[in-house]
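First up is the structure itself, then whatever we jot down about it.
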Amino acid sequence: MVPYEMCGQFCGYRKYEGSNRMKIIINENERGFLFKDGSFVRMLESGKHTVWAFLGQSIQTCKAEGAVTLNDVDNKLLLRDRAFEDATVCVHVPDGHFAIRYEDGRVAETLSTGEYYFWNILHKQSFQLVDITKPEITELDAKALASVPVKHYIRVEVPSGYCALLYFDGSFQRTIENGTYFFWNGSVKVDCQLVDMRIQQLDIVGQEILTADKVSLRINFVCSYKITDALHIMSDIKDYKAQIHVMTQLILREYVGKYRFDELLEQKENIAGFVLAKLKEKQSSLHVAFIDSGLKDIILPGEIRDIMNTVLVAEKKAQANVITRREEVASTRSLLNTAKLLDENATLYKLKELEYLEKICDKVGNISVGNGNLLGQLGELITTTTYGKQSC
1 MVPYEMCGQF CGYRKYEGSN RMKIIINENE RGFLFKDGSF VRMLESGKHT
51 VWAFLGQSIQ TCKAEGAVTL NDVDNKLLLR DRAFEDATVC VHVPDGHFAI
101 RYEDGRVAET LSTGEYYFWN ILHKQSFQLV DITKPEITEL DAKALASVPV
151 KHYIRVEVPS GYCALLYFDG SFQRTIENGT YFFWNGSVKV DCQLVDMRIQ
201 QLDIVGQEIL TADKVSLRIN FVCSYKITDA LHIMSDIKDY KAQIHVMTQL
251 ILREYVGKYR FDELLEQKEN IAGFVLAKLK EKQSSLHVAF IDSGLKDIIL
301 PGEIRDIMNT VLVAEKKAQA NVITRREEVA STRSLLNTAK LLDENATLYK
351 LKELEYLEKI CDKVGNISVG NGNLLGQLGE LITTTTYGKQ SC
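Per my numbering, the sequence shown starts with residue 1, numbered consecutively.
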């Protein structure tokens, strides 16, 4: 007897010297295929089998798991044996489809167009046929989709505050809201156009406008709006932001051009209300809703700004002079009233003199005029006045 040799795949046999008989052992997780003169005869179950080489017999074995793979053998030929047909399952994947293979209820792989045979002995095989001619994916759960190669589908994320316009081959289908969507990357071209449905702000910066008296002003303006019809604003208007910008500019020019420079400054608070009212008249044709507007700045030319600064300085100086004169008049009126009281009352007049003398004595230590002491004389005068007042 010679050593153990291999025949086909996963096949062991023993050859006895001087004979053409071979003993084949097929394991439990294997199946064998008996051929005679190159033609398939039947499938062999696990166990010991005898092969007579002189009769032209040969055996090829394979694992009885997963796909059926025999070297240089068409699987359809194996269907001649009813045992093979019962032990396997065939799946046909037509054009425009692919199949998801489940093994014992778990996702195993995806199968593209073609015909496949799988062993259905040790593990239970099942299949789900998926039609990719219909672009939107609705029948697969997340686990099944995870097994599909990314090249076969498109993932669309619609963030919060947005919507998306869904097109199949350029034809509008529907509007999709916030969420995650999947579409097959097949024969139908899928496009999704995101539209911002949140409140948006339009800034008009440094817009130069002439007043009625030909003064050139630069105006900074702002307005806020919200899209109300996503489909029509994207299909009817080429660039809705540019359209709103131009319309707001024209309304500003209409308002500013009617007034002279001084008049415009006096009623600049009314500009925002006028522009907002005009924009609301046009919002249906623009498929938006205008919410608010406001005037940020009015920027004057350099020479006009210098003139305005000069005028402002002059006005403030005039106001300061008026206030100064008013205070002087009040002070003079107060002095006049005091003088009238002193003139009418001699005692009050004398007390006022004494008050001033007291202030002088507090501030000065000694005053000499000629040979006399002025402070001593003032002291005598105060004493005499006091005594005289007591005599009275």
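Cβ atoms here follow ideal geometry from the backbone N, Cα and C, with glycine treated the same way.
CA nearest to the CA of residue i, picked from the options
{"i": "residue 25", "options": "45, 36, 38", "result": "45"}
{"i": "residue 262", "options": "271, 212, 296", "result": "212"}
{"i": "residue 217", "options": "285, 183, 269, 297", "result": "297"}
{"i": "residue 195", "options": "221, 340, 233", "result": "233"}
{"i": "residue 293", "options": "114, 127, 65, 244", "result": "244"}
{"i": "residue 95", "options": "122, 110, 87, 133", "result": "133"}
{"i": "residue 147", "options": "320, 125, 173, 100", "result": "100"}
{"i": "residue 67", "options": "119, 109, 135, 38", "result": "119"}
{"i": "residue 145", "options": "182, 27, 114, 172", "result": "182"}
{"i": "residue 246", "options": "204, 29, 277", "result": "204"}
{"i": "residue 61", "options": "162, 43, 352, 74", "result": "43"}
{"i": "residue 180", "options": "167, 361, 138, 227", "result": "138"}
{"i": "residue 197", "options": "226, 176, 173", "result": "226"}
{"i": "residue 286", "options": "238, 333, 332, 264", "result": "238"}
{"i": "residue 75", "options": "93, 279, 115", "result": "115"}
{"i": "residue 113", "options": "93, 103, 125", "result": "93"}
{"i": "residue 124", "options": "140, 156, 86, 150", "result": "86"}
{"i": "residue 432", "options": "214, 358, 163, 301", "result": "With the chain covering 1 to 392 only, the question about residue 432 has no answer from this structure."}
Contact belief for residue i with residue j at Cβ below 8 Å, rounded distance in angstroms
{"i": "residue 209", "j": "residue 219", "result": "6 Å"}
{"i": "residue 129", "j": "residue 97", "result": "6 Å"}
{"i": "residue 158", "j": "residue 185", "result": "Rounded, the Cβ-Cβ distance is 18 Å, inconsistent with contact."}
{"i": "residue 111", "j": "residue 91", "result": "7 Å"}
{"i": "residue 59", "j": "residue 32", "result": "5 Å"}
{"i": "residue 154", "j": "residue 64", "result": "At roughly 39 Å, the Cβ-Cβ gap does not stay under 8 Å, so residue 154 and residue 64 are not in contact."}
{"i": "residue 77", "j": "residue 40", "result": "5 Å"}
Buried versus exposed, by CB contacts within 10 Å (16 or more), residue i
{"i": "residue 275", "result": "buried"}
{"i": "residue 356", "result": "exposed"}
{"i": "residue 105", "result": "exposed"}
{"i": "residue 288", "result": "buried"}
{"i": "residue 346", "result": "exposed"}
{"i": "residue 201", "result": "exposed"}
{"i": "residue 170", "result": "exposed"}
{"i": "residue 69", "result": "exposed"}
{"i": "residue 267", "result": "exposed"}
{"i": "residue 230", "result": "buried"}
{"i": "residue 318", "result": "exposed"}
{"i": "residue 256", "result": "buried"}
{"i": "residue 336", "result": "exposed"}
{"i": "residue 271", "result": "buried"}
{"i": "residue 135", "result": "buried"}
{"i": "residue 235", "result": "exposed"}
{"i": "residue 258", "result": "exposed"}
{"i": "residue 339", "result": "exposed"}
{"i": "residue 248", "result": "buried"}
{"i": "residue 341", "result": "exposed"}
{"i": "residue 241", "result": "exposed"}
{"i": "residue 164", "result": "buried"}
Bridge partners - residue i, DSSP secondary structure assignment
{"i": "residue 285", "result": "Per DSSP, none; premise fails for residue 285."}
{"i": "residue 67", "result": "118"}
{"i": "residue 174", "result": "166"}
{"i": "residue 274", "result": "BP columns for residue 274 are empty, so no partner."}
{"i": "residue 130", "result": "98"}
{"i": "residue 35", "result": "40, 58"}
{"i": "residue 89", "result": "118"}
{"i": "residue 223", "result": "202, 293"}
{"i": "residue 48", "result": "25"}
{"i": "residue 192", "result": "166"}
If we count Cβ pairs, one from each stretch, closer than 8 Å, do we get three or more for the region 183–190 versus the region 248–259?
Contact between the region 183–190 and the region 248–259 is absent: fewer than three C-beta pairs spanning the two stretches fall below 8 Å.
Is the region 50–59 touching the region 81–93 in the sense that three or more CB pairs, one from each, lie closer than 8 Å?
no
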